[in-house]
Structure formats: structure tokens, C-alpha cells
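Student: Every number in the working numbering is 14 more than the matching position in the sequence shown, counting from 1. If you scroll down you'll find the structure; I have some questions about it.
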Amino acid sequence: MLKVFARLCWLVIAFPCWAIPQQVNFQGLLVNNGGNLVDTTVSMTFRIYTDSTSGSLLWTETRSAVSSINGLFNVRLGQVIPLPDGIFNQPQLWLGVTVGADDEMVPRNFLSSVPYSYRVSSVDGAKGGVISGPLSTDTTLQAEGIRFLDGTTQFTASVAGQQYADTNSYDATRAWTSVQVSLKQSNSDTITWDATRTWVNSQLGPLQADADTTTWDATKANLAPLQNDSDTSLWDATRTWVNSMGYLRGSNNSIGTTGFVGGGNYNSASGSYSFVGGGGGASSADANSASGSNSVIGGGRLNFASAFASTVGGGNANQSIADYSTIGGGFLNTVSGQMSVIGGGNNNQASNWNTTVGGGGNNNATGIGATVGGGIVNHARGEFAVVGGGGGQTHSDSNSATGAQSVISGGRGNYASGTYATISGGSGNQATGAFSSTVGGGAANIVCGQDATISGGYANTASYAGCVVGGGQSNWANNNYATIGGGISNTIGGYAGTIGGGQSNWASGLYATVPGGYNNRAYAAYSFAAGNRAYAGGNGTFVWSDANDADFIVSNSNCFAVRSTGGVYFFTNLSETSGVNLPSGGSAWNAVSDSTKKQNIRLVDTKDMLEKVLTLPIKKWSYKSQDPSVEHIGPMAQDFWSAFHVGDDSLCGDTGTGEAVRKARRAESATSGTDTNTACRRQAG
Numbered sequence: 015m016l017k018v019f020a021r022l023c024w025l026v027i028a029f030p031c032w033a034i035p036q037q038v039n040f041q042g043l044l045v046n047n048g049g050n051l052v053d054t055t056v057s058m059t060f061r062i063y064t065d066s067t068s069g070s071l072l073w074t075e076t077r078s079a080v081s082s083i084n085g086l087f088n089v090r091l092g093q094v095i096p097l098p099d100g101i102f103n104q105p106q107l108w109l110g111v112t113v114g115a116d117d118e119m120v121p122r123n124f125l126s127s128v129p130y131s132y133r134v135s136s137v138d139g140a141k142g143g144v145i146s147g148p149l150s151t152d153t154t155l156q157a158e159g160i161r162f163l164d165g166t167t168q169f170t171a172s173v174a175g176q177q178y179a180d181t182n183s184y185d186a187t188r189a190w191t192s193v194q195v196s197l198k199q200s201n202s203d204t205i206t207w208d209a210t211r212t213w214v215n216s217q218l219g220p221l222q223a224d225a226d227t228t229t230w231d232a233t234k235a236n237l238a239p240l241q242n243d244s245d246t247s248l249w250d251a252t253r254t255w256v257n258s259m260g261y262l263r264g265s266n267n268s269i270g271t272t273g274f275v276g277g278g279n280y281n282s283a284s285g286s287y288s289f290v291g292g293g294g295g296a297s298s299a300d301a302n303s304a305s306g307s308n309s310v311i312g313g314g315r316l317n318f319a320s321a322f323a324s325t326v327g328g329g330n331a332n333q334s335i336a337d338y339s340t341i342g343g344g345f346l347n348t349v350s351g352q353m354s355v356i357g358g359g360n361n362n363q364a365s366n367w368n369t370t371v372g373g374g375g376n377n378n379a380t381g382i383g384a385t386v387g388g389g390i391v392n393h394a395r396g397e398f399a400v401v402g403g404g405g406g407q408t409h410s411d412s413n414s415a416t417g418a419q420s421v422i423s424g425g426r427g428n429y430a431s432g433t434y435a436t437i438s439g440g441s442g443n444q445a446t447g448a449f450s451s452t453v454g455g456g457a458a459n460i461v462c463g464q465d466a467t468i469s470g471g472y473a474n475t476a477s478y479a480g481c482v483v484g485g486g487q488s489n490w491a492n493n494n495y496a497t498i499g500g501g502i503s504n505t506i507g508g509y510a511g512t513i514g515g516g517q518s519n520w521a522s523g524l525y526a527t528v529p530g531g532y533n534n535r536a537y538a539a540y541s542f543a544a545g546n547r548a549y550a551g552g553n554g555t556f557v558w559s560d561a562n563d564a565d566f567i568v569s570n571s572n573c574f575a576v577r578s579t580g581g582v583y584f585f586t587n588l589s590e591t592s593g594v595n596l597p598s599g600g601s602a603w604n605a606v607s608d609s610t611k612k613q614n615i616r617l618v619d620t621k622d623m624l625e626k627v628l629t630l631p632i633k634k635w636s637y638k639s640q641d642p643s644v645e646h647i648g649p650m651a652q653d654f655w656s657a658f659h660v661g662d663d664s665l666c667g668d669t670g671t672g673e674a675v676r677k678a679r680r681a682e683s684a685t686s687g688t689d690t691n692t693a694c695r696r697q698a699g
């Protein structure tokens with residue numbers, strides 16, 4: 015079903031006074047649901063009502079084949095069903111328009127005063143026949159006793175304001191001779207009307223102090239001053255004086271009592287103190303109309319300024335129809351919001367208070383104070399919303415800022431519906447969070463969380479309050495205050511979780527962290543997973559996994575787990591000369607024991623050392639931090655410190671010292687032939 019919209023204009027058809035038709039010209043614009051101009055033939059039905067929504071139906075007419083060329087159509091209402099003489103006696107009328115099988119468009123179109131102008135064919139109280147008695151126009155020109163006779167008969171003509179009647183002759187050549195025509199003068203002047211119907215030597219200067227000579231031929235209207243200066247008024251082909259203080263030039267133009275038309279053709283300045291500089295065209299369908307008080311049209315064609323102080327600078331088919339509205343130029347632009355502005359362009363609309371469209375095509379500023387800088391098919395629908403530009407050829411490419419004080423700087427296909435939402439640019443981005451959602455750029459990014467942000471990238475989503483996605487592709491921050499730095503296909507489901515980057519990582523636990531890598535999972539609260547396929551399933555667990563293509567799953571809570579098949583190294587100084595390592599495949603730590611990395615080297619009395627070891631009390635015990643059932647055996651650190659005074663302090667024992675004791679025992683056994691293990695067992699016994 016074709017759904018259409020129409021931009022309407024009323025145009026008076028100019029005809030001679032003796033053949034005024036019961037018709038009114040109607041021109042408009044057809045647009046389909048997609049916002050595209052209709053270029054086809056359609057059926058249209060027109061109805062005139064007495065009310066904007068209901069009322070009485072006064073007239074209807076159906077046109078089965080109306081041509082719409084690039085959206086523009088033009089019909090004469092009344093061409094099929096004539097408009098009745100009395101239809102415009104109503105104080106107000108509305109036109110309803112229906113296209114094809116669609117419903118009638120809403121709202122109906124209010125008929126301004128222009129269509130009423132053709133009532134001149136039946137002026138109230140005027141009938142056909144002979145006019146006798148005084149004929150007066152603005153009390154300036156009067157005639158009495160006029161009778162039209164044949165060419166050989168004299169008749170008497172008198173002019174009001176004279177003290178006597180004058181006899182004049184009218185011969186067969188239709189020449190007036192010796193005619194006294196003196197308008198409100200104290201003396202008489204003689205003029206002649208020859209066979210060419212040219213007035214010569216005529217004083218046509220009422221209310222002047224002296225006599226002026228004027229020529230009036232059959233092809234020109236007479237302009238007679240009605241003021242004490244040189245202001246002029248129109249006397250048209252019907253010989254009707256239009257008593258006006260305005261100014262009129264050009265052809266087929268019309269003015270109101272204080273209007274001004276500087277030139278052009280078929281222009282109308284009917285509003286009080288209205289102005290049309292020029293323009294128009296070859297027919298009334300090209301007319302400019304300044305019908306609003308103090309309205310201005312600089313020029314162009316088919317422009318309308320119908321509201322108070324409305325302005326159209328020029329262009330074609332522009333309508334400034336709200337008070338203080340302005341259109342600089344362009345084509346098919348409409349300002350219907352008070353104090354709104356369209357700079358130019360094509361088919362732009364500024365339809366609310368203080369709205370602005372700088373230019374471009376098919377742009378709409380419909381929110382109070384909304385602005386569209388330019389571009390194509392952009393919409394600023396929210397209060398004080400801004401679209402800087404961009405857009406595209408179709409509505410699917412348009413930028414739309416519907417949220418209050420929302421901003422779209424440019425790009426195409428972007429949508430900012432949240433209050434204070436911002437999209438800097440890009441394509442197909444959405445900022446729909448309730449407040450302050452932001453998209454820096456990129457494409458197909460969606461921010462639906464309040465105060466959430468996506469800086470850029472492609473197809474990223476920030477779904478909850480305070481979420482941040484720095485960039486990348488297909489990342490999803492799916493809980494409050496979650497943060498993804500970048501990467502691809504990363505997902506956060508936990509509150510305030512963090513993923514630095516990488517690919518296919520998950521942080522679903524509360525405050526969980528994945529710094530990067532591939533396919534890591536931080537499932538539990540406060541968990542940490544890094545590397546490749548590291549799974550941290552326990553609360554507070556740290557898991558790091560190497561490059562092997564296998565999952566490293568740790569379910570224990572509060573543990574530190576590393577899979578490092580190439581070994582583990584820890585150093586305690588910058589030169590890496592002190593530390594331990596756990597070699598690949600090994601199960602025990604190795605301490606650094608390179609002699610080149612040591613100092614103060616001297617021999618130890620192994621026999622004395624072993625004797626001191628034999629005196630150490632060997633005990634069985636459990637750590638307080640472990641379950642009592644878990645037991646250990648060995649000397650206490652304090653006892654070892656008292657015996658040897660080596661190491662960093664008296665509370666710890668290092669593995670290097672224990673290894674030295676074992677080596678000393680083996681050395682002493684080799685030199686003495688004594689089984690030190692047996693001696694130790696005897697000492698323990």
C-alpha cells in the first residue's frame with residue numbers, strides 16, 4: 015500500500031474578469047513510506063470540509079490519473095466537479111486529500127484566504143444590468159447620468175465635484191472632443207480621446223496642486239496617485255481601482271493594501287507590509303506568495319511566506335509557514351516551527367520551536383531547539399538534539415538523534431536515543447542508554463547501558479551501567495562497570511570484571527580479570543586467568559597457562575597455579591645471580607650455586623659440622639595453618655641457627671643449607687670410612 019505525504023500550496027488561477035472559472039490550482043509533493051519521491055500515476059480524491067477533523071462535507075472530486083513527476087503533482091480542483099459559488103462563504107474551510115486506497119491524510123489542510131479570491135464573479139449584492147446613479151471608488155472618481163448611445167447622438171456627461179454640467183460630443187470615429195474631465199479641481203481641463211483610444215493631454219492628478227499630463231493607452235493599466243506624493247495604485251483590466259499604498263511592478267502581480275512587489279511575474283504580496291522582490295514564472299503555478307504580515311520573499315519560484323515576519327530568501331517551492339521562520343533558499347524546504355531556520359538544501363524540515371537545518375537534503379529538525387547541520391536524511395528529534403551531518407541516500411543510512419540533548423557528529427546510520435547520548439561518528443552505531451551513553455566511532459557498536467562507553471571498533475556492545483569497551487571487534491561488556499580494553503570476541507558477565515584484550519576470553523566472576531591471551535576463563539570471584547586456555551574456577555585463584563594446546567583447569571580457591579612446561583624461574587636481584595628454578599619436568603627447586611656468582615668462599619670442617627647436626631633435636635610437628643593431621647619431621651629453624659649461624663634469620667631454613675649438610679655427611683663418610691647415617695641413627699636412638 016502506498017503511503018504518501020503531501021506538501022500543499024494554493025495558487026490562484028488568473029482569468030479575465032468576464033470568464034472566471036470555478037477552479038483552484040493545487041500543487042503538492044508525494045513521498046512514500048521510505049521517504050522517496052513518488053514518480054508514477056496515482057488516483058487522488060479531494061474533499062472540502064467545514065472542520066479540521068469532522069465537520070460537513072461541502073464538495074468532493076476524484077481524479078483517477080494524477081501524474082506525479084519526481085514527487086510533484088498539479089491539479090485544478092473543480093475541473094471535474096465545479097466548485098459551488100457559495101462554498102467560500104464559510105468562515106473557515108479544510109481540504110482533505112486521499113491517495114488511492116489509503117486513508118485520508120491527517121491533518122487536513124487549512125485553506126487560506128487566497129482560494130476565496132474567485133468570489134469576484136458574484137460580488138455580494140452585484141447583479142447584471144444597467145448601472146445608474148453614482149459609481150464611486152474611494153470617493154475619488156464619480157460619474158452621473160451615463161447613457162451609451164449611437165455614434166451620431168450627443169449625450170451629457172458630468173463629473174462629480176463640478177458646479178455645472180458640460181456638453182460633450184461623441185462622433186462616429188469614437189473621438190471625444192472638448193470634454194471637461196476635472197476630478198475635484200476648481201477649474202476645468204480639456205482633453206481628447208482619439209480613434210486609437212489614447213488619452214492625451216489629460217490631467218489625471220487628483221488632490222495635486224498643479225496639472226500633470228498623462229497618457230493612457232488601451233494596453234496599459236492606469237496608475238493614479240491617491241496620496242499627496244507619488245505613491246501609485248493599480249487600475250486593472252476590469253477598470254477596478256485597487257486603493258493601495260503599496261508598490262507594484264512586473265506582470266500579473268498582485269499586492270495587498272500595504273504590500274510590495276518589486277518585479278517578476280504572478281507574484282503576490284497580500285500580507286500587511288509584505289514584500290516580494292521578484293521571481294515567479296510564466297504562469298500562476300510559478301507564483302511567489304507573501305501572505306503573512308511583514309513577510310518577505312526575495313525571489314525564486316513558488317515560494318510561500320505565510321506567517322508573521324516569515325522569510326524566504328529564494329529558491330524553489332520553499333514554505334516558511336511559522337512566525338519568525340526563515341528559509342535562505344534551496345528546494346522544497348519547509349519551516350513550520352516558530353523562530354526556526356533552514357539555510358538551504360533540498361526537502362528539509364524544521365518543524366518545532368527554534369529548530370535549525372543548515373542545509374543538505376531530506377533532513378528534519380523536529381525537537382524543540384534541535385539542529386541538523388547538513389548531510390542527507392538526518393533527523394534531530396530530541397529536545398536540543400544535534401546532528402552535525404553525514405547520513406546517506408536512504409532512511410536506513412540516516413543519523414537520528416532522538417534523545418534530549420543527544421548529539422551525533424556525523425557518519426551514517428547512527429542512532430542516539432538516550433538523554434545526553436553522544437555518537438562522534440562512524441556507521442550504524444547506537445547510543446540508547448537512559449543517560450550519557452557514548453560511542454566514539456567505529457561501526458555497528460551498541461551502548462545500551464547508562465553512562466556506558468564504546469570508544470570505537472566494530473560490533474562491540476556495552477549493555478550495562480558504567481561499562482566500557484575501548485575498541486576491537488565483537489566484544490561484550492555485559493554487567494555493570496565491566497571493562498574490555500579491546501581484542502575480539504571477549505565477554506564479561508561479572509560485576510566490574512576486566513578483560514584487557516586478546517580473543518575469546520571470559521570474565522564471568524565478580525571482579526574477575528583476564529589480562530589478555532586466548533580462550534581464558536576467570537569464572538570465580540576475584541579470579542585471574544592468563545595465557546592460553548587457563549581456567550580459574552576458584553574464588554581468588556590465580557591461573558597462568560603456557561602455549562600448549564590443552565586446558566589448564568584449577569578449581570581450588572585462593573591458590574596460585576602455573577603450568578610452565580619449560581620450567582619456572584625466580585630471581586631475587588637485577589643481575590639474575592640469585593634465585594631458584596624449577597626445571598622442566600622437575601619436582602624440586604634448584605638454587606643458584608654457580609661459584610662465579612659467589613664470594614667469601616672457604617672450606618668448612620665437615621666433621622665438626624656433622625657433630626653439630628648430630629646434636630640437633632629432630633622433631634615431629636604440624637603447621638598451625640594446616641590441619642593437625644598433616645605432620646612433618648625435622649629440626650626447628652631456631653636450633654639450626656644456634657648451631658651454625660647461617661642464613662638470613664633464625665626463623666627460616668633454606669634448602670641450600672640442608673643440601674650442604676647432606677653433602678658434608680657424604681664427604682665425611684668417604685674420608686673416615688664411617689657410616690654417618692648409622693651414627694645418626696645411633697644418636698637418634
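All residues carry an ideal CB built from backbone N, CA and C; glycine is no exception. Bear in mind the structure is a predicted one, so any value in this text is a computation, not a measurement.
For Lys634, list the residues DSSP reports as bridge partners.
Tutor: Ile647
Student: Please state the DSSP three-state secondary structure of Thr512.
Tutor: strand
Student: How many whole angstroms separate the CB atoms of Phe566 and Tyr540, which I take to be in contact at a CB cut-off of 8 Å?
Tutor: By a beta-carbon distance limit of 8 Å, Phe566 does not contact Tyr540. Their separation comes to about 19 Å.
Student: Below 8 Å on the Cβ atoms is my contact criterion, and I expect Asn604 with Val594 to pass it. Report the Cβ-Cβ distance as a whole number of Å.
Tutor: 6 Å
Student: Output the distance between the C-alpha atoms of Ser410 and Leu91, rounded to the nearest integer angstrom.
Tutor: 37 Å
Student: Just to confirm before moving on: does the CB-CB distance between Asn330 and Asn302 stay below 8 Å?
Tutor: Result no, Cβ atoms of Asn330 and Asn302 do not sit closer than 8 Å.
Student: From Gly500 to Ser81, what does the alpha carbon distance come to, in whole angstroms?
Tutor: 56 Å
Student: With burial defined as no fewer than 16 other Cβ atoms inside 10 Å of the residue's Cβ, what is the status of Gly374: buried or exposed?
Tutor: buried
Student: For Asp641, count the other beta carbons within 10 Å of its own beta carbon; 16 or more makes it buried, fewer makes it exposed. Which is it?
Tutor: exposed
Student: So who's on the other strand from Asn88, going by DSSP bridges?
Tutor: Gln41
Student: Got a sec, what are the start and stop residues for the beta strand (DSSP E) Thr54 sits in?
Tutor: 54-63
Student: Comparing C-alpha positions only, which one of Tyr509, Asn504, Lys621, Gly486 sits nearest to Ala496?
Tutor: Tyr509
Student: The alpha helix (DSSP H) with Glu75 in it runs from where to where?
Tutor: It is not in any alpha helix (DSSP H) - Glu75 instead sits in the beta strand (DSSP E) that spans 71-82.
Student: Lys633 to Cys666, Cα distance in whole Å?
Tutor: 16 Å
Student: Quick one: residues in its chain with C-beta nearer than 7 Å to the C-beta of Thr467, no 5 flanking neighbours on either side, listed in chain order?
Tutor: Thr452, Val461, Ala476, Val482
Student: Taking only three categories from DSSP, how would you classify Leu665?
Tutor: coil
Student: Who does Trp558 pair with in a DSSP beta bridge?
Tutor: Ala544, Val576
Student: Starting from the C-beta of Arg315, find all residues in its chain whose C-beta is less than 6 Å away, skip the five residues before and the five after it, and write them out in chain order.
Tutor: Gly293, Gly295, Asp300, Asn330
Student: Using DSSP bridges, identify the partner residues of Tyr583.
Tutor: Asn595
Student: Which class does Ile101 belong to by DSSP, given the choice of helix, strand or coil?
Tutor: helix
Student: One question on the structure: do Ala336 and Ala321 come within less than 8 Å of each other, judged by their Cβ atoms?
Tutor: For the pair Ala336 and Ala321, the CB atoms are nearer than the 8 Å cut-off.
Student: On the CB-based measure, 16 or more other CB atoms within 10 Å of its CB, does Ile437 come out buried or exposed?
Tutor: buried
Student: For Tyr532, write down the residues that DSSP places opposite it in a beta bridge.
Tutor: Gln517, Asn546
Student: Whose C-alpha, out of Arg547, Ala561, Tyr537, Ala564, is nearest the C-alpha of Gly554?
Tutor: Tyr537
Student: Just the C-alpha distance for Lys626 and Val660, rounded to the nearest angstrom, thanks.
Tutor: 13 Å
Student: Do you know offhand how far Asn347's Cα is from Asn362's?
Tutor: 5 Å
Student: What residue does the alpha helix (DSSP H) around Leu727 start on, and which one ends it?
Tutor: Beyond the ends of the chain as shown, which are 15 and 699, falls residue 727; an answer cannot be given.
Student: So which of Ser284, Val675, Phe398 has the shortest CA-CA distance to Leu624?
Tutor: If we check each option's Cα against that of Leu624, Val675 comes out closest.
Student: Looking only at C-alpha atoms, which of Thr59, Gly306, Gln464, Ala323 sits nearest to Gly714?
Tutor: Nothing in the structure corresponds to residue 714, since the chain is present only between 15 and 699.
Student: DSSP beta-bridge partners for Tyr429?
Tutor: Ser414, Gln444
Student: First and last residue of the beta strand (DSSP E) that includes Val120?
Tutor: Unbroken run through Val120: none, as it is neither H nor E.
Student: Could you tell me the distance, in whole angstroms, from the CA atom of Ala238 to the CA atom of Gly114?
Tutor: Legend: pLDDT at Ala238 = 38, less than 50; position of this residue unreliable, value from coordinates given subsequently. Between the alpha carbons of Ala238 and Gly114 lies a gap of roughly 52 Å.
Student: Please tell me whether Thr369 and Gly351 are closer than 8 Å, where the distance is taken between their beta carbons.
Tutor: yes
Student: What whole-angstrom Cβ distance do Trp73 and Pro105 have, given they're in contact under 8 Å?
Tutor: Wrong, their Cβ atoms sit about 16 Å apart, outside the cutoff.
Student: With H, G and I counted as helix, E and B as strand and the rest as coil, what does DSSP make of Ala538?
Tutor: coil
Student: Roughly how many angstroms lie between the CA atoms of Phe584 and Ser571, to the nearest whole one?
Tutor: Roughly 24 Å between the two C-alpha positions.
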